[in-house]
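Number of protein chains: 4
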Amino acid sequence: MSDQEWITVLMNDNDDTVISDKQRKILEAAIDTFSEKGYAASSTSEIAKKAGVAEGTIFRHYKTKKELLLAIVTPTIAKFIAPFFIKTFAKEVFENEYEHYDDFLRTVARNRLEFVKKHFPVLKIFIQEIAFHDELREPYQKLFTEHVFLKFKKIIEHFQEKGEIIKLPPETIMRMSAASIIGYILPRFLLFSNHEWDDEKEIEQIVEFIMYGISGKR
Amino acid sequence: MSDQEWITVLMNDNDDTVISDKQRKILEAAIDTFSEKGYAASSTSEIAKKAGVAEGTIFRHYKTKKELLLAIVTPTIAKFIAPFFIKTFAKEVFENEYEHYDDFLRTVARNRLEFVKKHFPVLKIFIQEIAFHDELREPYQKLFTEHVFLKFKKIIEHFQEKGEIIKLPPETIMRMSAASIIGYILPRFLLFSNHEWDDEKEIEQIVEFIMYGISGKR
Amino acid sequence: MSDQEWITVLMNDNDDTVISDKQRKILEAAIDTFSEKGYAASSTSEIAKKAGVAEGTIFRHYKTKKELLLAIVTPTIAKFIAPFFIKTFAKEVFENEYEHYDDFLRTVARNRLEFVKKHFPVLKIFIQEIAFHDELREPYQKLFTEHVFLKFKKIIEHFQEKGEIIKLPPETIMRMSAASIIGYILPRFLLFSNHEWDDEKEIEQIVEFIMYGISGKR
Amino acid sequence: MSDQEWITVLMNDNDDTVISDKQRKILEAAIDTFSEKGYAASSTSEIAKKAGVAEGTIFRHYKTKKELLLAIVTPTIAKFIAPFFIKTFAKEVFENEYEHYDDFLRTVARNRLEFVKKHFPVLKIFIQEIAFHDELREPYQKLFTEHVFLKFKKIIEHFQEKGEIIKLPPETIMRMSAASIIGYILPRFLLFSNHEWDDEKEIEQIVEFIMYGISGKR
DNA sequence: AATGAATGAGCCTTCATTCAT
DNA sequence: CATGAATGAAGGCTCATTCAT
């Protein structure tokens, strides 16, 4: 996909790309199954049964099982990284949409948490399968390093220059920020999804942690 | 397994449990294959070929494919958590083996990093498959919550009382500490294993980060 | 199966339950093979080849090899015992359809011989395998003891009261009658099927034998 | 085998042909297993386990699984038909060992019943497997038709000439006699072996039946 | 003589995919 | 479009048999 096409895809935030009822049922069933048993351990026949369609119908819409996987994962991941991708993203930051790094963090964290809440099964599939399918890695790798990553970098450098955050390599800052947020989100959904979580409070604590650590000294 | 049996297993730190040459080759081939393609997508015939044995030979040693998986993962995971499990672990901390929480962190991080360096393929299999196999979760779940987790908690509370670290719930402190360390280790091996890493320096930065965050204020 | 369902099955005397052409070929090939080599020694691949279908096709129609066995044996056995099962069976006897016990014997013998002639391969499978598969025994055991056996018993008692036959336990009378008939049918088909048999004459001799023995005295 | 060799085998009525302890255990385990699950469905590994020997040991004594089968069945069947085989058998009958056909029947029935009681598992294997293995049929076929059968025939003709029994073909008389006896023995051991049987009385009834039928008329 | 690890052919079954209807 | 019967390759696993020890 060219960048131009990506933008088209990414901006298209409505879920209702015209897909037939059967197609939707197939996707739902596939998400369910892949998420629960993993891609390789899921059979198309099981998915067909769960979707209430004939086995052949799946292959009418998706030439192969792998294409079905991509049809599930690709648009969701696209939407997941879309906000970091849009042209205005970095600009907003510099133009005082976010006065401080922690405002930025807070917003991103809330934002993405909301997204994960809505799309966890698909994201789980992505996380599980990315290690095994080049088709899942490649399209985002370039996208990520050339756009998302670069934008983050600029933002971090921006706040480093403002003296708000220390001058570790931006990659390191990014990694630590991301790890802290992901380190909440992942167990929250993967291990303790039925636990009651006060996300707002937790995010606040995470942001605090990222900024000031656990020593209590400022 | 009873706790007593666990201790026996965990303490048995020598890799040379008497296994035949063929058996070792099977395990190596299986680690290779599972790690690369995932458990479900790996075929026993492929493993056999890679190990240079007949397919039947695998099943002579491991009744089922899943048993082979467990034979690979179980002892490594056992050894991975063993240090946190031994009786003296918490005691050492209290008796000033570690004067400060960051000393403790540093040691654990170094320590486990070393382990991961040695056993990453197996750990990758574990991470990938734990979501799909109860047999992989169950044996460690109790062990973890009742021993490892409890010990960490005591340690954290110990340093909280000393006023070294803030009084967030110990679970939260733990999660943040762990996330920060894992957030380094995972990409280090999973995504950028061929990159040159100065682990010593990175660990230092992580510990700093955990203690004081990225704001630069103390 | 409930008794009601049994009746449905048993009465359904037409062989043309809608089965596809391939399905019929599979059944024929399976009967051939099971009958010739026994169930355990027959391979599904051989059956598939003989039937001219892919091996997978067998399993599309019959979930397991054992289900295939049952699909072959069950309906035939059902039809075999059906005549003794129908409501009117005993009644016909009492209402002078059969004036004497030997009339009754003659009819049953002729009747079942005809059936065996038509279905010997399947019956052979049944005889061979009944010892090893509960699924083959169970459905008929109750049916036999509660219906067939009871009806025979009544018939025998009927003729005992008429003074036509001696007052041994009906079970014994039954056993002797059955053994004499089976003792003809079994070798006739199992050992000397290519021999020319005058069934009508043989049956007459058997009935005579059952009634009067071999001493020649009346 | 030549007839001469047969005689040697048949006469050797002692079970203690010198076989090692292990060998005996193998035979016992094999009888158990074959009898319970059938030859084809029994695995040598299961037999080895049950016998408490290594798998290889079985094949040291019996080159193939089939040879093991024959080693079990052959001597028992030989012993089973031995009495009808010995030179004096027919002579005894003519020389008034048995004054009447029913004396003869009674003795044979008692005699063979006793044998079956002792060797039922092996006989069951024989019955089950004879249909599938030429090696089980061939050696006895000639033996049976040329010796046993002929002797029986003479005996029957002897009593026919004495006017004791009717002049049906001797084969028929034989078949009826045998069927009546087998028709008792088979269900007795195969279906109702735990039932309490008064064999003496039953045999008497069978002999009566064979001689005079069930009509009660003489 | 006895072992038991090793073999590789073959087993039953499942799977993704195709195609005539 | 949708179906579902059909495919045949591949899967995990078992088996009788061999052979070095």
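Residue numbers (this note's numbering), protein chains in the order written: chain F, 14 to 231; chain C, 14 to 231; chain P, 14 to 231; chain B, 14 to 231. Glycine included, every Cβ here is placed at the ideal spot set by N, Cα and C. Keep in mind it's a predicted model, so treat the numbers as computed, not measured.
Around Tyr197 (chain B), the same chain offers Glu215 and Ile219 as residues with beta carbons nearer than 7 Å, after the five sequence neighbours per side are excluded. Val66 (chain P): not part of any alpha helix (DSSP H); DSSP gives it neither H nor E.
By the Cβ neighbour-count rule, His160 (chain P) is buried, with 16 or more other Cβ atoms within 10 Å of its own. Linking Ile44 (chain B) to Leu81 (chain P) through their CA atoms gives a straight-line distance of about 29 Å.
Burial check for Ser56 (chain B): the Cβ neighbour count within 10 Å stays below 16, so the residue is exposed.
Boundaries of the alpha helix (DSSP H) around Tyr153 (chain C): Asp147 to Leu156. Under the criterion of beta carbons closer than 8 Å, Phe145 (chain C) and Ala54 (chain F) qualify as touching, at roughly 7 Å.
Nearest to Pro134 (chain P) by alpha-carbon distance, out of P:Ala192, P:Leu199 and P:Arg188, is P:Leu199. Annotated three-state conformation of Lys100 (chain P) is coil, per DSSP. Within the region 181 to 211 of chain B, the residues whose Cβ lies closer than 8 Å to some Cβ of chain P are Leu181, Thr185, Ile186, Arg188, Met189, Ser190, Ala191, Ala192, Ser193, Ile195, Gly196, Tyr197, Pro200 and Leu203, listed in chain order. From the beta-carbon of Phe222 (chain F), the residues of chain C found nearer than 7 Å are Met189 and Gly226. Shortest Cα-Cα distance from Thr77 (chain B) to any of B:Phe98, B:Tyr52 and B:Ile99 involves B:Tyr52. Neighbours of Ala53 (chain C) in chain F, taken as residues at a C-beta separation under 7 Å, are given in chain order as Gly51, Ala53 and Ala54. Within the region 105 to 116 of chain B, not one residue has a Cβ closer than 7 Å to any Cβ of chain P. Around the beta carbon of Gly226 (chain C), a 10 Å sphere encloses 16 or more other beta carbons of the protein chains shown; the residue is thus reported as buried. Burial is judged here by how many other beta carbons sit within 10 angstroms of a residue's own beta carbon; Asp211 (chain C) has fewer than 16 and is exposed. Judged by pairs of C-beta atoms under 8 Å, the region 83 to 93 of chain P does not touch the region 82 to 94 of chain B, as fewer than three such pairs exist.
Contacts with chain B (Cβ-Cβ distance below 7 Å) from the region 71 to 103 of chain P involve no residue at all.
Per DSSP, the unbroken alpha helix (DSSP H) holding Ile194 (chain B) starts and ends at Pro183 to Leu203. Interface annotation for the region 132 to 145 of chain C against chain F: Lys137, Gln141, Ala144 and Phe145, criterion Cβ-Cβ distance under 8 Å.
At a C-beta separation below 8 Å, Ile178 (chain C) has these neighbours in chain F: Ile227, Ser228 and Gly229.
Phe205 (chain F) counts as exposed, since fewer than 16 other C-beta atoms from the protein chains shown sit within 10 angstroms of its C-beta. The Cβ-Cβ distance between Glu170 (chain F) and Pro152 (chain F) does not fall below 8 Å. The three-state secondary structure of Thr77 (chain P), taken from DSSP, is coil.
Sequence-distant Cβ neighbours of Glu177 (chain C) in its own chain, meaning closer than 7 Å and more than five residues away, are His113 and Tyr114.
DSSP places Asp45 (chain P) in the helix class (H, G or I) of the three-state scheme. No residue range can be given for Asn207 (chain C), since it is assigned to no alpha helix (DSSP H) and is classified by DSSP as neither H nor E. The C-alpha of Ala103 (chain P) is placed about 35 Å away from the C-alpha of Arg119 (chain B). Taking 8 Å as the CB threshold, Gln218 (chain F) lines the interface with chain C. For Asn109 (chain B), the secondary structure class from DSSP, reduced to helix, strand or coil, is coil. With 16 or more other Cβ atoms from the protein chains shown falling within 10 Å of its own Cβ, Val86 (chain B) counts as buried. Here DSSP, grouped into helix, strand and coil, assigns Val31 (chain B) to coil. A Cβ-Cβ separation of about 13 Å leaves Phe202 (chain C) out of contact with Ile138 (chain C) under the 8 Å criterion.
Ser193 (chain B) is positioned such that its CB atom lies closer than 8 Å to that of Ser193 (chain P).
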